[in-house]
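Novice:
There are 2 protein chains.
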Amino acid sequence: MDSRKEQILKAIIKEYIFGAEPVSSKTIVNRYGLNVSSATIRNEMAALETLGYIKQPHISSGRVPATSGYRYYVDYLMDNEKFLNEFNLLDVNTNNLKDIHNYLKEVAIILAGLSNYTVIITEEKQGEDKIHHLKLVGLLEDKALLVLVLSSKKVKDYVLSFMEKISDDDLIKLTDILNYHLIDKNLDGVTQELKQEIMNIFPDSPLLVDEIFKIILIALKEEKNVEVIVEGMKNIFKLPEFNEVKKIESFINTLEDQDRVSRIFDNILGQEKGKIDIKIGDEIGIEELIDFTVIATNCSFCDGIQGKIGIIGPTRMFYEKNITLLESLFKKKEE
Amino acid sequence: MDSRKEQILKAIIKEYIFGAEPVSSKTIVNRYGLNVSSATIRNEMAALETLGYIKQPHISSGRVPATSGYRYYVDYLMDNEKFLNEFNLLDVNTNNLKDIHNYLKEVAIILAGLSNYTVIITEEKQGEDKIHHLKLVGLLEDKALLVLVLSSKKVKDYVLSFMEKISDDDLIKLTDILNYHLIDKNLDGVTQELKQEIMNIFPDSPLLVDEIFKIILIALKEEKNVEVIVEGMKNIFKLPEFNEVKKIESFINTLEDQDRVSRIFDNILGQEKGKIDIKIGDEIGIEELIDFTVIATNCSFCDGIQGKIGIIGPTRMFYEKNITLLESLFKKKEE
DNA sequence: ATTTAGCACTCGCATACTTGAAGTGCTAAA
DNA sequence: TTTAGCACTTCAAGTATGCGAGTGCTAAAT
Numbered sequence: 001m002d003s004r005k006e007q008i009l010k011a012i013i014k015e016y017i018f019g020a021e022p023v024s025s026k027t028i029v030n031r032y033g034l035n036v037s038s039a040t041i042r043n044e045m046a047a048l049e050t051l052g053y054i055k056q057p058h059i060s061s062g063r064v065p066a067t068s069g070y071r072y073y074v075d076y077l078m079d080n081e082k083f084l085n086e087f088n089l090l091d092v093n094t095n096n097l098k099d100i101h102n103y104l105k106e107v108a109i110i111l112a113g114l115s116n117y118t119v120i121i122t123e124e125k126q127g128e129d130k131i132h133h134l135k136l137v138g139l140l141e142d143k144a145l146l147v148l149v150l151s152s153k154k155v156k157d158y159v160l161s162f163m164e165k166i167s168d169d170d171l172i173k174l175t176d177i178l179n180y181h182l183i184d185k186n187l188d189g190v191t192q193e194l195k196q197e198i199m200n201i202f203p204d205s206p207l208l209v210d211e212i213f214k215i216i217l218i219a220l221k222e223e224k225n226v227e228v229i230v231e232g233m234k235n236i237f238k239l240p241e242f243n244e245v246k247k248i249e250s251f252i253n254t255l256e257d258q259d260r261v262s263r264i265f266d267n268i269l270g271q272e273k274g275k276i277d278i279k280i281g282d283e284i285g286i287e288e289l290i291d292f293t294v295i296a297t298n299c300s301f302c303d304g305i306q307g308k309i310g311i312i313g314p315t316r317m318f319y320e321k322n323i324t325l326l327e328s329l330f331k332k333k334e335e
Numbered sequence: 001m002d003s004r005k006e007q008i009l010k011a012i013i014k015e016y017i018f019g020a021e022p023v024s025s026k027t028i029v030n031r032y033g034l035n036v037s038s039a040t041i042r043n044e045m046a047a048l049e050t051l052g053y054i055k056q057p058h059i060s061s062g063r064v065p066a067t068s069g070y071r072y073y074v075d076y077l078m079d080n081e082k083f084l085n086e087f088n089l090l091d092v093n094t095n096n097l098k099d100i101h102n103y104l105k106e107v108a109i110i111l112a113g114l115s116n117y118t119v120i121i122t123e124e125k126q127g128e129d130k131i132h133h134l135k136l137v138g139l140l141e142d143k144a145l146l147v148l149v150l151s152s153k154k155v156k157d158y159v160l161s162f163m164e165k166i167s168d169d170d171l172i173k174l175t176d177i178l179n180y181h182l183i184d185k186n187l188d189g190v191t192q193e194l195k196q197e198i199m200n201i202f203p204d205s206p207l208l209v210d211e212i213f214k215i216i217l218i219a220l221k222e223e224k225n226v227e228v229i230v231e232g233m234k235n236i237f238k239l240p241e242f243n244e245v246k247k248i249e250s251f252i253n254t255l256e257d258q259d260r261v262s263r264i265f266d267n268i269l270g271q272e273k274g275k276i277d278i279k280i281g282d283e284i285g286i287e288e289l290i291d292f293t294v295i296a297t298n299c300s301f302c303d304g305i306q307g308k309i310g311i312i313g314p315t316r317m318f319y320e321k322n323i324t325l326l327e328s329l330f331k332k333k334e335e
């Protein structure tokens, strides 16, 4: 990636974000004049395409950024223009749950209006439940039952299907190790690090441990009180690339499903507070959102209420603007 | 409307509710055989069209029910088949606001799933604010400022535009009368009856009084804590007649706007509890919902929380099913 | 070795035309 | 009053056609 390729990639992305139409070599010469002819641009574009940064909707059309093109843009090319709006909207001080809920709803509406995209917010009241006991029971050679006993005395069970065959001995060994590490842990304890640790001790079945962890997360999450707020779905109608009923249906279906909205955050956000995460297309990890980008961040309120805020828009979103928008929620207004 | 016309109207509506396609004279003969030929049906259909109960999307197509056709059906023709599902979902007993909110959200999701339409619910915590004082100030000959002082000391003002010219004298007279009747009244006091009473005393400007009342309602409502729940918007995608982006956009725009959702209920529901109201097409009073029917009812919970529940679907909705669905929310399960 | 002019080629989109099926209204006879 | 029959209308789907935008490639220029 020499400097000229970067310039051209940046031009293509800026142009496409602005116009939502395939960008031609001629457009780049006209508007970003790099002192070369359109033929040269075409050659460079062909190179950028082999590198996977851009693609053609069909032969003989202009180029459109690919996911990795946007990723490159966000990581290396984006102008960090500063926007002036600093709202400090999230400096709330209340202990009333209902108040917080209504307030966050208001925040979502405002943010949706400012961004012109869809805003998702979850508030989670940390559940008190921990894992009291855990058991793996073999059913068939590739199926087992995971039984969870929670400290609230609730019993939950899930059927696991593995790719690989697992012996009863393995199950017992795994049960012991999981119990040793997970007993009396709540959601905060079930971290990536712990998973790694267990996988070091028990390295033969990485997929299985993965699967089990996912289920434990789900089980404990069910004990959490997660409230989901979605505002500004209507903004999708402003985007010319989503002018088909099928696409809109898929989007609305996804965002009306609280589980899937929670999963967006689970997939993209770590534990860190205040950091802004950007996931583009398939990085979000939800099939239906392949054409979208999510910009999200953690935040926490009084009373142990955890919040997550995300802006979801097309992959060709105004990255700079929306990153600053999310950042500005936390900033104090300068005097 | 002789009996045969009623039979044919009923057949057309049932057929259209089921199939969402214009109903031909032949279809009626085939499926509802009334021992007459299709030509006779055609003659009757022409008559039903002049009566306004059905219409043709274009000449040489079958007939589709008109709003007044559905109205006639609901009022006189509908089978009151009883459905068995009785949920008694709304027999809740809690004083926790947050609980009620989450519970109602759950109810909305369930109801949306059962009905296959969109469900709207509002919970309203009655505001304490009353009107402390009211003033009308003339601005231009067809504009005036309505100033409201609330008992919470908040001052609100709104610009009124009238069709007709209003003299300063009239404004003063009207101010006095409104003050006399409205001081220390909250939302419960601003009723249709009171409006009638004032209009009897001051009959010259019916439109004006109407306008003022609307604004007072809005002002007091702003002091109310109204929470709006909308679930199942995705169900619109199952309806073949809403297969255009424009139509879906209009629907979602309307339902994402809390004010307009509140207005749906304001327009169609009276004070009565437990009564099921059905409004079809333009009867709803919201332009964008001209192709929809709303079935709605009032309900109230502990703690002075007022709720309104509505099912909103196409005018060709399964009326019987959804009426029973709403009814069954309140019924006790029979032993 | 790099850049560029020029040209053939591809694809999508809009327009117009054709055809067949569905359904009506009307007339004249039953 | 009802019905058979027929002319007429409209929609929907399929097909042909032309146009414009844009590319890739080749051969010449730098």
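First to last, the protein sequences are chains A and B. Per my numbering, residue 1 is the first one in the first sequence, and the count goes up by one each step. Per my numbering, residue 1 is the first one in the second sequence, and the count goes up by one each step. Note that CB positions come from ideal geometry on N, CA and C, so glycine has one too. Nothing here was measured: the structure is a model prediction, and the numbers come from that model.
1. By the DSSP assignment, the beta strand (DSSP E) with residue 292 of chain A in it spans what residues?
2. Using a threshold of 7 Å, is the CB atom of residue 292 of chain A nearer than that to any non-hydrogen atom of the ligand COA?
3. Looking only at its own chain, which residues have a Cβ that is under 6 Å from the Cβ of residue 109 of chain A, when we skip the five neighbours before and after it?
4. Considering only the beta carbon of each residue, do residue 105 of chain A and residue 305 of chain A sit closer than 8 Å?
5. What does residue 116 of chain A pair with, by DSSP beta-bridge criteria?
6. Residues in the same chain with beta-carbon distance under 8 Å from residue 7 of chain B, minus the five sequence neighbours each way, listed in chain order, please.
7. Under the assumption that residue 276 of chain A contacts residue 241 of chain A (Cβ atoms under 8 Å), give the Cβ distance between them as a whole number of angstroms.
8. Return no unless some Cβ of chain A is closer than 8 Å to the Cβ of residue 256 of chain B.
9. Which residues of chain B have a Cβ atom closer than 9 Å to the Cβ of residue 336 of chain A, listed in chain order?
10. Roughly how many angstroms lie between the CA atoms of residue 101 of chain A and residue 107 of chain A, to the nearest whole one?
11. By alpha-carbon positions, which one of A:70, A:181, A:250 ends up nearest to residue 10 of chain A?
12. Between residue 252 of chain B and residue 309 of chain B, what straight-line distance do the alpha-carbon atoms span, to the nearest angstrom?
13. Using a Cβ cut-off of 7 Å, pull out every chain B residue sitting near residue 124 of chain A, in sequence order please.
14. Is the Cβ-Cβ distance between residue 295 of chain B and residue 278 of chain B less than 8 Å?
15. Examine chain A for any beta-carbon lying closer than 8 Å to the beta-carbon of residue 116 of chain B, and answer yes or no.
16. With distance defined between alpha-carbon atoms, name the residue in B:78, B:210, B:267 nearest to residue 196 of chain B.
17. Residues bridged to residue 160 of chain B by DSSP?
18. Could you tell me the alpha carbon to alpha carbon distance between residue 133 of chain B and residue 145 of chain B, rounded to whole angstroms?
19. Excluding the 5 residues preceding and the 5 following residue 322 of chain A in the sequence, name in chain order all residues of the same chain whose CB lies nearer than 6 Å to its CB.
20. Note down the Cα distance separating residue 49 of chain A from residue 55 of chain A, rounded to an integer number of angstroms.
21. Is the CB-CB distance between residue 147 of chain B and residue 135 of chain B below 8 Å?
22. Could you pull out every residue in the same chain whose Cβ sits closer than 6 Å to the Cβ of residue 23 of chain B, ignoring the five residues on either side in sequence?
23. My output table needs one value for residue 130 of chain A: the three-state DSSP class, helix, strand or coil.
24. Would you mind giving the Cβ-Cβ distance between residue 286 of chain B and residue 267 of chain B, rounded to the nearest angstrom? I have them listed as a contact below 8 Å.
25. I need the boundaries of the beta strand (DSSP E) containing residue 226 of chain B, first residue and last residue.
26. Beta carbon of residue 320 of chain A, beta carbon of residue 75 of chain A: below 8 Å?
27. Is there a C-beta anywhere in chain A that falls below 8 Å from the one on residue 237 of chain B?
28. Going by C-alpha to C-alpha distance, which of B:4, B:30, B:235 sits closest to residue 118 of chain B?
29. Give the residues of chain B in contact with residue 6 of chain A, contact being defined as C-beta atoms less than 8 Å apart.
30. Whole angstroms are fine: how far does the CA of residue 307 of chain B sit from the CA of residue 94 of chain B?
31. Helix, strand or coil, according to DSSP, for residue 196 of chain B in the structure here?
32. Can you list the residues of chain B that residue 248 of chain A reaches, using a CB-CB cut of under 7 Å?
33. Quick check on the burial criterion: 16 or more other C-beta atoms within 10 angstroms. Buried or exposed for residue 217 of chain A?
34. Using the DSSP secondary-structure output, state which residues sit across from residue 137 of chain B in a beta bridge.
35. Between the Cα of residue 203 of chain B and the Cα atoms of B:283, B:173, B:290, which residue gives the shortest distance?
Specialist: Looking at the atomic coordinates:
1. In the first sequence, residue 292 of chain A corresponds to position 292, counting from 1. It spans 292–300 - the beta strand (DSSP E) in which residue 292 of chain A sits, taken as one unbroken run.
2. Of the ligands one can find in the structure shown there are none, so the ligand COA has no counterpart to examine.
3. What you label residue 109 of chain A is simply residue 109 of the first sequence in a count that begins at 1. Around residue 109 of chain A: 231.
4. Here residue 105 of chain A is taken as the residue at index 105 of the first sequence, counted from 1. Here residue 305 of chain A is taken as the residue at index 305 of the first sequence, counted from 1. Result no, Cβ atoms of residue 105 of chain A and residue 305 of chain A do not sit closer than 8 Å.
5. What you label residue 116 of chain A is simply residue 116 of the first sequence in a count that begins at 1. Looking at the DSSP assignment, residue 116 of chain A forms no beta bridge with any residue, so it has no partner.
6. Taking the second sequence and counting its residues from 1, one reaches residue 7 of chain B at position 7. Answer for residue 7 of chain B: 32, 34, listed in chain order.
7. For this step, residue 276 of chain A is matched to residue 276 along the first sequence. For this step, residue 241 of chain A is matched to residue 241 along the first sequence. With 8 Å as the limit, residue 276 of chain A and residue 241 of chain A do not qualify as a contact, their Cβ atoms being about 24 Å apart.
8. Stepping through the second sequence from its first residue, residue 256 of chain B is reached at position 256. Chain A, which has a Cβ nearer than 8 Å to the Cβ of residue 256 of chain B, makes this yes.
9. Not covered by the structure: residue 336 of chain A. The range shown for chain A is 1 to 335.
10. Looking up residue 101 of chain A in the first sequence gives position 101. Looking up residue 107 of chain A in the first sequence gives position 107. C-alpha separation (whole angstroms): 10 Å.
11. Within the first sequence, the letter at position 10 stands for residue 10 of chain A. It is A:70.
12. Reading the second sequence from its first residue, position 252 is the one you call residue 252 of chain B. Reading the second sequence from its first residue, position 309 is the one you call residue 309 of chain B. Their Cα atoms are separated by approximately 18 Å.
13. Position 124 of the first sequence, counted from the first residue, corresponds to residue 124 of chain A. Near residue 124 of chain A there are no residues of chain B at all, since even the closest Cβ is about 13 Å away, more than 7 Å.
14. For the purposes of this step, residue 295 of chain B is taken as residue 295 along the second sequence, with counting starting at 1. For the purposes of this step, residue 278 of chain B is taken as residue 278 along the second sequence, with counting starting at 1. In contact: residue 295 of chain B and residue 278 of chain B (Cβ atoms closer than 8 Å).
15. To locate residue 116 of chain B, count along the second sequence from 1; it is residue 116. So, not an interface residue.
16. Taking the second sequence and counting its residues from 1, one reaches residue 196 of chain B at position 196. For residue 196 of chain B, the closest alpha carbon among the candidates B:78, B:210, B:267 is that of B:210.
17. In the second sequence, the residue the question calls residue 160 of chain B occupies position 160. DSSP, once it has assigned bridges, lists B:144 as partnering residue 160 of chain B.
18. Mapped onto the second sequence, residue 133 of chain B falls at position 133. Mapped onto the second sequence, residue 145 of chain B falls at position 145. In a straight line, the C-alpha of residue 133 of chain B is about 14 Å away from that of residue 145 of chain B.
19. As a first step, residue 322 of chain A must be located in the first sequence, where it is residue number 322. Taken in chain order, the residues that qualify are 115, 295, 311.
20. Position 49 of the first sequence, counted from the first residue, corresponds to residue 49 of chain A. Position 55 of the first sequence, counted from the first residue, corresponds to residue 55 of chain A. Looking at the two C-alpha atoms, the distance is approximately 6 Å.
21. In the second sequence, the residue the question calls residue 147 of chain B occupies position 147. In the second sequence, the residue the question calls residue 135 of chain B occupies position 135. Contact flag set, yes.
22. Within the second sequence, the letter at position 23 stands for residue 23 of chain B. The residues are 12, 15, 16, 62, 63.
23. As a position in the first sequence, residue 130 of chain A is number 130, starting the count at 1. In the structure shown, residue 130 of chain A sits in coil (DSSP, three-state: anything other than H, G, I, E or B).
24. Looking up residue 286 of chain B in the second sequence gives position 286. Looking up residue 267 of chain B in the second sequence gives position 267. Between residue 267 of chain B and residue 286 of chain B the Cβ distance is about 7 Å, and since that is below 8 Å, they are a contact.
25. Indexing the second sequence from 1 puts residue 226 of chain B at position 226. Unbroken beta strand (DSSP E) run through residue 226 of chain B: 225–231.
26. Mapped onto the first sequence, residue 320 of chain A falls at position 320. Mapped onto the first sequence, residue 75 of chain A falls at position 75. Contact: no.
27. One-based indexing of the second sequence puts residue 237 of chain B at position 237. Residue 237 of chain B belongs to the set of residues whose beta carbon lies under 8 Å from a beta carbon in chain A.
28. As a working mapping, residue 118 of chain B is identified with position 118 in the second sequence. Residue 118 of chain B has its Cα closest to that of B:235, out of B:4, B:30, B:235.
29. Position 6 of the first sequence holds residue 6 of chain A. Chain B residues near residue 6 of chain A: none, gap ~37 Å exceeds 8 Å.
30. Walking along the second sequence from the start, residue 94 of chain B turns up at place 94. Walking along the second sequence from the start, residue 307 of chain B turns up at place 307. Low confidence applies to residue 94 of chain B: its pLDDT is 48, below 50, so where it sits in the model is not reliable, and the reading given next is rough at best. Roughly 14 Å separates the two Cα atoms.
31. On the second sequence, position 196 is the one that residue 196 of chain B refers to. In this structure, residue 196 of chain B counts as helix in the three-state DSSP scheme.
32. Within the first sequence, residue 248 of chain A is the residue found at index 248, counting from 1. Simply 245, 248.
33. The residue labelled residue 217 of chain A in the question sits at position 217 within the first sequence. Around the Cβ of residue 217 of chain A, a 10 Å sphere holds fewer than 16 other Cβ atoms; the residue is exposed.
34. Against the second sequence, residue 137 of chain B aligns to sequence position 137. Per DSSP, B:145.
35. In the second sequence, counting from the first residue as 1, residue 203 of chain B sits at position 203. Considering only alpha carbons, the answer is B:173.
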